[in-house]
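In our numbering, the protein residues as written are -19 to 231.
For each residue, glycine too, the CB sits at the ideal point set by N, CA and C.
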Ligand SMILES: N[C@@H](CCC(=O)N[C@@H](CS)C(=O)NCC(=O)O)C(=O)O
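Structure below.
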């Protein structure tokens, strides 16, 4: 009997891309929590499969040739799962190029820019005393988020999905773009993007994927609390040397 895929996961937008894909593709999986606020991403076992100290990652016990394979980086995982199942990743080269364009647009653009906008909105105010020190970075990343929503709004003129049909590009983009309103974006100015969000949110597999790991979700730690200090230490101010030290501590 085929063993379930191990999903190294925390319920953030990058993690949810993969739980949604696994649900959409009908693949059995088991969640292996990576508590990034506690430093699980620095543990040697995890770093072996994800050397960038970031989740998500997967281990597929039934990889190529029937042997296990690990994959890190959400885009690489989605392409792997798409090739494995033949679902949401067309084999026709022209259609595949189109999906790749929008998938890479998400992982190289939407993810990093939305991630930085989230940092300046949700975390920087607890880390930096002077609001003026935050203002420039916050404005820069909010503008980028706004620009990217504009790119999507134009792309969705006359089409329902980013490529020709619903694909891993939409799956990758959805968990970030659905929270654009939380970043302060006025979604009434992006009606096609909002309709795309609603279209994808209505899919039962997406609802299951978004609910994955619900037991891991907690409200953000209170400012000044020990939990918040631990999370800030794990997640922020990372350098090559600090990661080396964190890996040694965690192992
Ligand atoms: N490019 C990566 C980004 C993944 C990423 O940023 N993951 C974050 C959580 S959303 C993480 O694991 N952070 C741990 C850390 O900052 O040490 C991907 O697309 O998989």
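Looking from the CA of residue 208, the closest CA among 148, 80, 17 belongs to 17. The region 199 to 213 makes contact with the region 100 to 109; the number of CB pairs closer than 8 Å reaches 3 or more.
Rounded to whole angstroms, residue 107 and residue 211 show a C-alpha spacing of 11 Å. Residue pairing by DSSP places residue 12 opposite -12 in a beta bridge.
The region 80 to 96 makes no contact with the region 12 to 30: fewer than 3 CB pairs, one atom from each, lie closer than 8 Å. The Cβ atoms of residue 162 and residue 132 lie no closer than 8 Å to each other. At a threshold of 7 Å, residue 16 counts as near ligand 1, since its beta carbon sits closer than that to one of the ligand's heavy atoms. Look at the beta carbons and you see the region 168 to 184 not touching the region -19 to -10: under three pairs across the two are nearer than 8 Å. Distances between the C-beta of residue 201 and the heavy atoms of ligand 1 are all 7 Å or more. Beta-bridge partners of residue 50 (DSSP): 39. Around the Cβ of residue 170, a 10 Å sphere holds 16 or more other Cβ atoms; the residue is buried.
Between the alpha carbons of residue 144 and residue 186 lies a gap of roughly 19 Å. Judged by their CB atoms, residue 156 and residue 68 are not nearer to each other than the 8 Å cut-off.
Using a 10 angstroms sphere on the CB of residue -18, the tally of other CB atoms stays under 16, which defines it as exposed. A Cβ-Cβ contact shorter than 8 Å links residue 38 with residue -15.
In the three-state scheme derived from DSSP, where H, G and I count as helix and E and B as strand, residue 55 is classed as helix. For residue 56 and residue 46, the gap between their C-alpha atoms comes out near 19 Å. At a threshold of 7 Å, residue 229 does not count as near ligand 1, since its beta carbon sits no closer than that to any of the ligand's heavy atoms. Taken from the Cβ of residue 128, every heavy atom of ligand 1 lies 7 Å or farther away. When only Cα atoms are considered, residue 226 and residue 41 end up about 29 Å apart.
When the Cα atoms are used, residue 121 and residue 114 turn out to be separated by approximately 11 Å. Between residue 231 and residue 12, the CB-CB gap reaches or exceeds 8 Å.
The beta carbon of residue 117 sits closer than 6 Å to the beta carbons of 100 from its chain, once the five residues preceding and following it are set aside; these are given in chain order. Annotated three-state conformation of residue 231 is coil, per DSSP.
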